[in-house]
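Peer 1:
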Amino acid sequence: MSRPQTLLQITGRSHAPASLQSACLIIIDAQEEYRSGVVPLPGLDAAVAEIASLLSAARSSGTPIVHVKHLGVPDGFLDPRGPRGQFLPELAPLPGEVVVEKRLPNAFSGTDLHDRLQALGRLDLIICGFMTHSSISTTVRACKDYGYRCTLVETACATRDLPCGEGVISAADLHRAEMAALADNFAAVVPRAAVLI
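Residue numbers (the numbering used here): 110 to 306.
Here it is in structure tokens:
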């Protein structure tokens with residue numbers, strides 16, 4: 110049996126991964142909740158290291174950077190007033206870097222992200238962050254509606270175990286399935302940050 114093709118391949122709409130020189134780097138929800146809050150993510154430290162390498166390379170090459178921050182529930186998940194809602198210190202924005210605040214998983218919904226990206230004039234986006242099945246997935250899918258070309262770095266994203274019927278789907282299996290779904294019709298997926306640096 111032959112290896113299946115993605116819908117992007119079948120429709121002739123696949124694209125090469127973006128380069129840092131011509132893209133915008135978008136880091137989604139790199140917040141303390143996922144390290145020390147109620148939903149610590151398996152594999153977080155490895156993903157943070159990958160994001161940090163992308164961030165350093167982007168800063169060195171003058172690539173525009175957008176940090177997306179989720180404004181969660183006061184005194185709860187991703188508390189915007191407390192430490193759990195703050196950026197992870199090693200991925201925190203520098204002065205002058207764009208910060209977009211959102212209240213829904215899709216970073217375009219109810220925000221000025223599209224306007225900010227239009228002002229930067231970059232159609233190629235490199236996306237990383239948390240969580241793969243939620244804010245990463247919804248934002249990458251929305252990018253197609255706006256005409257952006259997404260590149261997703263597999264090891265620079267992470268998610269968590271989820272209940273599934275009477276059992277559990279592991280973070281690793283969920284992450285892998287979501288990456289396959291996004292690679293099918295929404296993004297060029299690269300295995301690690303080094304491919305783009």
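Every residue, glycine too, gets a C-beta built ideally from N, C-alpha and C.
Note that the coordinates shown come from a computational prediction; the quantities given were computed from them, not determined experimentally.
My understanding is that Leu-153 touches Tyr-143, with C-beta atoms under 8 Å, so please give their C-beta distance in whole angstroms.
Peer 2: Right, their Cβ atoms sit about 6 Å apart.
Peer 1: Is it buried or exposed, Asp-233, if we count other Cβ atoms within 10 angstroms and call 16 or more buried?
Peer 2: Flag for Asp-233 reads buried.
Peer 1: Mind pulling the beta strand (DSSP E) runs of 3 or more residues that sit fully within the segment 211 to 265?
Peer 2: DSSP runs (the beta strand (DSSP E)) wholly in the segment 211 to 265: 233 to 239.
Peer 1: Classify His-87 as helix, strand or coil using the three-state DSSP reduction.
Peer 2: Outside the shown range of the chain (110 to 306) lies residue 87, about which nothing can therefore be said.
Peer 1: What span of residues does the alpha helix (DSSP H) with Ile-160 cover, start to end?
Peer 2: Counting along the chain, the alpha helix (DSSP H) containing Ile-160 begins and ends at 153 to 170.
Peer 1: DSSP three-state label for Gln-118, please.
Peer 2: Reduced to three states, the DSSP call for Gln-118 is helix.
Peer 1: So, under 8 Å CB-CB, Ala-265 and Cys-237 are touching, yes? Tell me the CB distance rounded to an integer number of Å.
Peer 2: With a Cβ gap of about 4 Å, Ala-265 and Cys-237 count as contacting.
Peer 1: Suppose you measure from the CA of Gln-114 to the CA of Val-175; what does that come to, to the nearest Å?
Peer 2: Cα-Cα distance, rounded: 32 Å.
Peer 1: How many Å lie between Thr-220 and Leu-226 at the Cα?
Peer 2: Their backbone Cα atoms lie some 12 Å apart in a straight line.
Peer 1: In this structure, how does DSSP classify Ala-281 when only helix, strand and coil are distinguished?
Peer 2: In this structure, Ala-281 counts as helix in the three-state DSSP scheme.
Peer 1: Which of the three DSSP states, helix, strand or coil, is assigned to Gly-205?
Peer 2: Coil at Gly-205, not helix or strand.
Peer 1: Is Leu-200 closer than 8 Å to Val-209 when the C-beta atoms are compared?
Peer 2: No; because the gap between Cβ atoms is not below 8 Å, this pair is not in contact.
Peer 1: Using three-state DSSP, classify Pro-272 as helix, strand or coil.
Peer 2: The answer is strand: DSSP assigns Pro-272 an E or B state.
Peer 1: What is the rounded straight-line gap between the Cα of Lys-271 and the Cα of Ile-278?
Peer 2: At residue 271 the sequence reads Leu, which differs from the Lys that was named. The alpha-carbon atoms of Leu-271 and Ile-278 are separated by roughly 5 Å.
Peer 1: If distances are taken between C-alpha atoms only, which option among Ala-158, Phe-295, Gly-171 and Lys-211 comes closest to Leu-229?
Peer 2: Among Ala-158, Phe-295, Gly-171 and Lys-211, the Cα nearest to that of Leu-229 belongs to Gly-171.
Peer 1: Just tell me which of Glu-275, Val-147 and Arg-212 has its CA closest to the CA of Ser-244.
Peer 2: It is Arg-212.
Peer 1: Quick one: Cα of Gln-140 to Cα of Phe-186, how far?
Peer 2: In a straight line, the C-alpha of Gln-140 is about 11 Å away from that of Phe-186.
Peer 1: Can you tell me which of the three DSSP states Ala-139 falls into?
Peer 2: Here Ala-139 sits in coil by DSSP.
Peer 1: How about Leu-283 and Ile-235: do their beta carbons lie closer than 8 Å?
Peer 2: It is not a contact, given that the beta carbons lie outside the stated cut-off.
Peer 1: Report all residues from its chain with a CB closer than 8 Å to the CB of Gly-194; omit the five preceding and five following residues, and keep chain order.
Peer 2: Counting only Cβ-Cβ distances below 8 Å, and skipping sequence neighbours, we find Gln-140, Glu-141, Glu-142, Lys-178, His-179, Leu-180, Gly-181, Leu-187 and Asp-188.
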